[in-house]
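Working notes for the structure below.
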Ligand SMILES: Nc1ncnc2c1ncn2[C@@H]1O[C@H](COP(=O)(O)OP(=O)(O)OP(=O)(O)O)[C@@H](O)[C@H]1O
Ligand SMILES: [Mg+2]
């Protein structure tokens with residue numbers, strides 16, 4: 000199934016060349032500046048975190064009692080927990096009482112199409128350079144490709160498109176708040192099943208205060224007729240973002256889900272603690288792609304988002320497959336390990352990651368591949384790029400259970416250093432309880448050579464263009480896993496994120 | 096087109112070019128020959144503006160402007176192309192992507208419109224055809240896994256696509272098989288032998304000069320041009336060696 004999505008590197012190049020004009024349009028569109036915020040009115044939960052905050056959120060969303068009970072249980076659990084120790088991360092204490100836990104744009108009626116979205120919000124998207132308009136432009140240029148956008152502005156979904164076509168296919172694509180009301184049985188069945196409530200400090204916090212997010216259900220045998228996409232934005236000062244995503248792919252189904260985000264400049268540190276749960280049944284496949292560009296803080300390390308995310312996929316059925324692709328350029332601090340629990344026989348887990356850090360950014364990211372099923376296989380390709388005074392750590396676990404025969408894993412971790420003041424670390428954990436497993440791990444660390452720089456500059460690229468080209472080449476194995484329009488966006492992001500790191 | 100006067104260049108503390116002077120006019124092809132370590136590649140790097148190659152005195156004028164004032168990519172945009180003695184690998188970046196971005200960057204700094212994807216592919220196909228290189232090679236990463244000869248041929252495809260005013264070709268013939276040498280020779284003629292272009296051909300062997308006939312032959316030794324002549328000088332060098340001729 001993956002062949003359908005995976006574009007051959009050469010074909011992609013040719014397509015890329017042919018689509019130069021389309022790209023130029025995108026390039027222009029995505030040429031945004033940081034440091035800007037809109038003034039849409041917010042409806043806030045009172046500052047601080049206590050049971051009343053939790054009740055406020057649940058009430059705001061008109062949730063059923065079972066959901067409130069679940070949240071309260073999580074909150075009480077969270078109160079007894081301690082913040083994890085920070086491994087390679089160095090961050091100040093977070094004052095959880097000094098933040099808001101809920102904000103939504105002033106109440107507006109539900110909209111049926113993007114045309115009805117508040118023009119101010121559309122302008123936000125436009126300015127951020129990943130506008131919904133661009134999706135349309137691209138869709139036009141690329142022909143039949145469609146992207147369904149469930150736009151999450153701050154905490155509440157303000158628009159959902161392509162809903163009808165999805166409904167015809169039987170696909171459920173809803174904000175999680177809607178799904179809780181419309182499909183309570185499905186939500187109840189899976190919520191917290193992949194990432195248990197008690198999983199970790201931030202996951203538990205998310206259970207208590209999650210504001211919104213996305214729910215997707217693909218029924219048996221259905222190939223989702225379009226890429227599903229959600230753009231997350233943070234746009235309210237001091238508002239923690241607690242998104243909750245749940246995707247269930249029933250037997251023999253397929254879905255590709257795109258998640259992207261950008262945040263305007265803020266002085267305050269902002270906490271983001273999302274939880275994403277994926278479930279793939281027999282012969283089902285989920286492809287989850289992220290381009291993450293939360294505000295990373297300024298050159299001096301001031302401000303920026305704290306991004307503590309728990310993402311986990313359960314390959315429950317035989318021959319199921321879950322593939323994570325991420326391009327991480329943002330956040331002051333990233334703590335994120337999209338993982339696969341491979342319970343199904345012949346199930347496949349994949350993790351493709353580019354993590355770029357510049358200035359004072361810190362990233363501690365990687366994956367866990369938990370092999371419980373026979374003949375389960377996993378591939379990990381991690382590309383870390385460090386510049387400035389940043390620190391970039393790959394942390395990965397490959398675990399093979401005692402009953403999992405013939406497991407295979409291949410891990411490749413490459414680090415690219417720009418300059419002498421940044422750090423790159425690779426921390427692989429391998430736990431094998433079955434002797435038939437074949438585990439391969441390769442790691443490299445390199446720098447951009449003077450030869451490469453001069454060669455590229457001699458052909459006409461300036462210094463920043465040369466670095467960006469070489470960095471994109473380094474990340475190619477991961478970028479080529481992304482859907483086309485995302486790949487273009489990601490390349491652009493890498494270039495923007497490296498600005499000022501050379502010379 | 097190019098006027099080098101009394102050029103001194105050093106790498107680290109070592110002076111390598113020691114008062115080199117050379118003048119090329121449009122429409123001319125000049126060959127530079129000289130013993131290993133004489134400073135031929137250094138000259139090409141100095142002209143390309145490679146960091147670490149410090150010009151301590153002298154001047155270089157290219158098309159009426161002070162070349163030494165320009166950054167490497169500005170020199171490229173001004174029309175200078177280096178064919179590298181050791182072409183560099185760039186993993187993950189296809190030749191097509193590399194060249195399209197490079198060319199469009201040059202065009203941008205010259206105030207020209209960028210080539211569209213379709214226009215670029217057409218151009219690339221034409222130049223690859225000229226050098227008898229398979230388009231599939233151009234879709235591969237820049238020089239990665241290319242044989243020595245393929246790399247050199249690739250340099251010439253790049254030259255064809257970029258279409259410079261002045262090409263400085265550093266031992267482009269070394270590593271080429273007999274047939275490839277012919278293809279490259281006629282490629283250089285087709286691309287560069289024009290009234291408004293010039294070539295500086297760095298080589299050790301007459302065989303390339305049989306195909307790309309130089310108007311002048313210079314001997315570079317000890318960081319200087321020590322002798323200049325016509326095509327016959329190359330033949331004489333081949334016969335007698337540098338010691339005898341340049342002494
Ligand atoms: N980066 C460097 N560091 C130290 N020495 C250098 C450096 N670059 C060049 N040199 C020295 O400068 C001298 C000239 O080198 P250059 O490469 O220009 O010679 P060449 O004429 O091109 O020789 P060949 O015919 O072997 O290619 C050599 O002695 C070389 O060792
Ligand atoms: Mg040389």
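Chains as they are written, first to last, in the working numbering: chain D, 0 to 502; chain V, 96 to 342. Backbone N, C-alpha and C fix where the C-beta goes; we use that ideal spot for every residue, glycine too. Quick caveat, the model's predicted, so the values are computed rather than measured.
- Near chain D, meaning a CB-to-CB distance below 9 Å, the residues of the region 116 to 149 of chain V are 140, 143, 144, 145, 146, 147.
- Residue 171 (chain V) belongs to the set of residues whose beta carbon lies under 7 Å from a beta carbon in chain D.
- Within a 10 Å sphere around the beta-carbon of residue 428 (chain D) sit fewer than 16 other beta-carbons, which makes this residue exposed.
- Apart from sequence neighbours up to five positions away, the residues of its chain that approach residue 283 (chain D) with a beta-carbon distance below 8 Å are 217, 248, 249, 250, 251, 252, 253, 316, 319, 320, ordered along the chain.
- Runs of the beta strand (DSSP E) spanning 3 or more residues and lying entirely within the region 220 to 278 of chain V occur at 261 to 265, in chain order.
- Taking a cut-off of 8 Å on C-beta distances, the region 203 to 218 of chain D touches the region 168 to 188 of chain D, as three or more cross pairs fall below it.
- In this structure, the beta-carbon distance from residue 412 (chain D) to residue 442 (chain D) falls below 7 Å.
- Nearest CB-CB separation between residue 185 (chain V) and chain D: below the 7 Å threshold.
- Within a 10 Å sphere around the beta-carbon of residue 229 (chain V) sit fewer than 16 other beta-carbons, which makes this residue exposed.
- Residues of chain D whose Cβ lies closer than 7 Å to the Cβ of residue 155 (chain V) do not exist; the shortest such Cβ separation is about 16 Å.
- Counting only Cβ-Cβ distances below 8 Å, residue 469 (chain D) has contacts in chain V at 185, 188, in chain order.
- DSSP places residue 427 (chain D) within a strand segment (E or B) once states are collapsed to three.
- Around residue 464 (chain D), the beta-carbon contacts reaching into chain V at under 9 Å are 168, 196, 197, 200.
- Counting the other Cβ atoms within 10 Å of the Cβ of residue 286 (chain V) gives 16 or more, which makes it buried.
- When the five nearest sequence neighbours on each side are left out, the beta carbons in the same chain lying within less than 8 Å of the beta carbon of residue 130 (chain V) are those of 316, 337, in order along the chain.
- For the pair of segments examined, the region 320 to 334 of chain V was found to touch the region 296 to 310 of chain V: the number of CB pairs separated by less than 8 Å reaches three.
- Close partners of residue 177 (chain V) in chain D (Cβ separation under 7 Å): 457.
- Cβ neighbours of residue 210 (chain V) within its own chain (closer than 8 Å, five residues either side excluded): 195, 198, 199, 202, 218.
- Near ligand 1, meaning a Cβ closer than 5 Å to any of its heavy atoms, lie the following residues in chain order: V:106, V:111, V:131, V:132, V:133, V:134, V:135, V:136, V:137.
- Contiguous beta strand (DSSP E) elements confined to the region 39 to 96 of chain D occur at 41 to 43, taking only those with 3 or more residues.
- When only Cα atoms are considered, residue 293 (chain D) and residue 101 (chain D) end up about 18 Å apart.
- Within the model, the alpha-carbon separation for residue 371 (chain D) versus residue 55 (chain D) is close to 41 Å.
- Beta-bridge partners of residue 422 (chain D) (DSSP): D:390.
- Annotated three-state conformation of residue 137 (chain V) is helix, per DSSP.
- With a threshold of 6 Å, the Cβ atom of residue 180 (chain V) counts as near ligand 2, since some heavy atom of the ligand is closer than that.
- Considering only V:261, V:318, V:151, the residue with the shortest C-alpha distance to residue 290 (chain V) is V:261.
- Exclusion of the five residues before and after residue 295 (chain V) leaves 125, 263 as the residues of its chain whose Cβ lies within less than 6 Å of its Cβ.
- Residue 350 (chain D) is outside the set of residues whose beta carbon lies under 7 Å from a beta carbon in chain V.
- The closest CA to that of residue 273 (chain D), considering only D:194, D:92, D:307, is found on D:307.
- Per the coordinates, the alpha-carbon of residue 385 (chain D) lies some 24 Å from the alpha-carbon of residue 287 (chain D).
- Contact annotation: residue 351 (chain D) and residue 380 (chain D) have beta-carbon atoms nearer than 7 Å.
- For residue 419 (chain D), the nearest beta carbon of chain V is not closer than 7 Å to its own beta carbon.
- Any Cβ of chain V closer than 7 Å to the Cβ of residue 460 (chain D) would place that residue at the interface, and such an atom is present.
- Residue 485 (chain D) has a beta carbon lying at 7 Å or more from every beta carbon in chain V.
- Assigned with DSSP and collapsed to three states, residue 367 (chain D) falls in strand.
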